[in-house]
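To start, the structure itself, in structure tokens.
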Amino acid sequence: MIELKSAEEIGRMAVTGQFVGELLAELSGVAAVGVNLMDLEHHARRRISERGAESCYWDYAPSFGRGPFRNVLCLSVNDAVLHGLPHDYGLRDGDLLSIDMAVGIDGWVADSALSVIVGTPDPADLKLIEATEVALQAGITAAQPGGRLGDISAAIGEVAHSYGYSVNAEFGGHGIGRTMHEAPHVPNNGRARRGMKLDPGLTIAIEPWFCRSTDKITFDNDGWTIRSADGSRTAHSEHTVAITASGPQVLTSRPTDGATGGRPERARSVRASVPPAS
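Residues 1 to 278 in the UniProt record's numbering are what the sequence shown spells out, letter by letter.
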């Protein structure tokens, strides 16, 4: 069942979303050559605890995982794109890191992800990250009241194809609100003007992710980490969005001055935009 949220409830989700956006920006600034993935994990655990929030990942046990997830971040490096387990790994120059997190505050959840380059960027990686960010913005722009779910999916898929990437349809966005995963599923490719109507009060996570040269994926033996089947680099971007009568509202916006700084040894993310839908 799909629950439409009131303006007050969306406002409570926005409180959670602000924290998620701020922490993601903070983590992208902490990520640097030589920093261990577990340092990022423990940094996030500390900040979540200090805020009185609860991780939606801790003890999460879907059908595809192997045992409950016992971390508060998904940290996916290079050819890993989703559900990467934090582990003992020091970030290296040129690594492409995706950071994904979802937390709840006072019973309301927000979910977001970003991808960054650690150290020296490869132009092909910058292009890949840019594609996910442009696709995310296109999906948000398409999330108009009275529209259809397929409008979002088609907008994401169109961007992917324009950059030369194919789209995997096994994992995509999802409804969100009182829990991390609610109906509906939000595919990253589809047909415009198809699917359920986008009514005000619908809250969804829109999350395009692409592999550089394949749409096939594999799972690590840990049962969680999803990688490109051909070992090519991957990227992932995500925001929690509310459909309102006046248009889409991004609930997980990040500070524009978040600590990426442009310094070569720090993580870099792409800030991209697309023109408004005509």
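Just so you know, even glycine gets a beta-carbon here, dropped at the ideal spot from N, CA and C.
Selection from the options that minimises the alpha carbon distance to residue i
i: Thr179; options: Glu170, Asp39, Gly157 and Glu54; result: Glu54
i: Leu40; options: Asp93, Pro86 and Ser166; result: Pro86
i: Val35; options: Leu73, Asp93, His83 and Arg70; result: Asp93
i: Val116; options: Glu8, Leu27 and Val241; result: Leu27
i: Ser213; options: Ser49, Leu128 and Ile176; result: Leu128
i: Ala32; options: Arg46, Gly139 and Leu97; result: Leu97
i: Asp95; options: Glu182, Pro123, Ala44 and Ile48; result: Pro123
i: Ala229; options: Glu3, Asn168 and Thr120; result: Asn168
i: Ile105; options: Gly146, Leu4, Thr256 and Phe19; result: Phe19
i: Leu91; options: Ala142, Val81 and Ser76; result: Ser76
i: Val118; options: His181, Ser162, Val72 and Leu37; result: Leu37
i: Glu170; options: Leu82, Ser6 and Glu50; result: Leu82
i: Cys211; options: Ala138, Ala131 and Val103; result: Ala131
i: Tyr163; options: Ser49, Ala192, Gly21 and Ala135; result: Ala135
i: Glu207; options: Glu50, Gly139 and Arg227; result: Gly139
i: Gly107; options: Cys74, Ile243, Gly11 and His161; result: Gly11
i: Leu73; options: Thr234, Val241 and Trp224; result: Trp224
i: Met196; options: Glu8, His161 and Asp151; result: Asp151
i: Gly52; options: Gly29, Thr16 and Gly21; result: Thr16
i: Arg194; options: Arg233, Leu149, Thr234 and His161; result: Leu149
i: Thr234; options: Ala14, Glu133, Glu50 and Glu8; result: Glu133
Bridge partner(s) assigned by DSSP for residue i
i: Gln137; result: Its beta-bridge partners do not exist; DSSP assigns none.
i: Glu41; result: Partner(s): none; Glu41 has no beta bridge.
i: Val241; result: Ile204 and Val250
i: Ser112; result: Met101
i: Glu3; result: DSSP lists no partner for Glu3.
i: Trp224; result: Note: Trp224 sits in no beta bridge, so no partner.
i: Leu75; result: Ile99
i: Leu82; result: Ile226
i: His236; result: Trp209
i: Gly90; result: Asn36
i: Lys197; result: Arg148
i: Ile217; result: Ser228
Contact belief for residue i with residue j at Cβ below 8 angstroms, rounded distance in angstroms
i: Gly231; j: Asp125; result: So it is not a contact: roughly 14 angstroms between Cβ atoms.
i: Ala113; j: Asp100; result: 4 angstroms
i: Trp209; j: His236; result: 4 angstroms
i: Gly177; j: Glu3; result: 6 angstroms
i: Ser166; j: Asp215; result: 4 angstroms
i: Glu182; j: Gly175; result: 3 angstroms
i: Pro121; j: Ala245; result: With a Cβ gap of about 41 angstroms, Pro121 and Ala245 do not count as contacting.
i: Arg46; j: Leu23; result: Their Cβ separation, rounded to whole angstroms, is 10 angstroms, which puts Arg46 and Leu23 out of contact at 8 angstroms.
i: Tyr89; j: Asn71; result: At roughly 13 angstroms, the Cβ-Cβ gap does not stay under 8 angstroms, so Tyr89 and Asn71 are not in contact.
i: Ala25; j: Pro255; result: 5 angstroms
i: Asp199; j: Ile243; result: 7 angstroms
i: Val30; j: His43; result: 6 angstroms
i: Val241; j: Ala143; result: 6 angstroms
Checklist entry - Should the stretch 240 to 253 be called in touch with the stretch 191 to 211, which here means at least 3 C-beta pairs below 8 angstroms? => result Yes: at least three Cβ pairs fall under 8 angstroms.
Checklist entry - Touch check for the stretch 218 to 229 and the stretch 59 to 75: three-plus C-beta pairs under 8 angstroms? => result Verdict: yes, contact present.
Item to check | Complete alpha helix (DSSP H) runs within the stretch 114 to 194 (minimum length 4 residues, chain order) | outcome: Entirely contained in the stretch 114 to 194, the alpha helix (DSSP H) runs reaching 4 residues are, in chain order, 123 to 142 and 149 to 162.
Checklist entry - Taking contact to mean at least 3 C-beta pairs separated by less than 8 angstroms, is the stretch 153 to 162 in contact with the stretch 171 to 190? => result As far as the Cβ criterion goes, the stretch 153 to 162 touches the stretch 171 to 190, which means the pair count is three or higher.
Checklist entry - If you scan the stretch 14 to 69 from start to end, which runs of the alpha helix (DSSP H) of 4 or more residues do you find wholly inside it? => result Runs of the alpha helix (DSSP H) inside the stretch 14 to 69: 37 to 51.
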